[in-house]
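Numbering (our numbering), first residue to last: 2 to 121.
Contents: one structure, followed by commentary.
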Amino acid sequence: MTSSSQYIVNCPIRSLSKPSTNCTASSQCGGIDCGDGSFSPEKGTACLRCATEGPYSGFCTEGAETFGCLTPVGWIFTVGCTYLGFALFIFANLWNANFVGKVAAVRKKWQALRESESAV
2 MTSSSQYIVN CPIRSLSKPS TNCTASSQCG GIDCGDGSFS PEKGTACLRC
52 ATEGPYSGFC TEGAETFGCL TPVGWIFTVG CTYLGFALFI FANLWNANFV
102 GKVAAVRKKW QALRESESAV
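Following this line, the structure appears as structure tokens:
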């Protein structure tokens, strides 16, 4: 199920808690109830669930923030806005610095230097 948030709710991609903790029920992963069937060992830390299947079966796990768990809204903001924004920022700075013109000028000077060396 997807929501309007950036991450898929209950994404199947999980990561082990640090330090790894064995469990048979999610309530063994912490004493603070997060309200969605997951528990936190301390206030302000990640909410953990006991994995019942997969490679982390029998361990407390937390949802992994990976590209595999992104919703379409997450892809738009993470890839579209962030990374495309960085690319546009770099392009604009190189354009503002007249980088291509400066590289062309260095190339001309280099060619002139090489021609004067070959004439000697």
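We treat Cβ as the ideally placed atom computed from N, Cα and C, and that holds for glycine.
- Look at G102 here: in three-state DSSP terms it is helix.
- Secondary structure at T53: coil, using DSSP grouped into helix, strand and coil.
- Taking C-beta separations shorter than 6 angstroms and ignoring five residues to either side along the sequence, N97 has no partners in its chain.
- Only buried fits G31, as 16 or more other CB atoms lie within 10 angstroms of its CB.
- Judged by DSSP secondary structure, G86 falls within the alpha helix (DSSP H) whose first and last residues are L85 to N97.
- Assigned with DSSP and collapsed to three states, I77 falls in helix.
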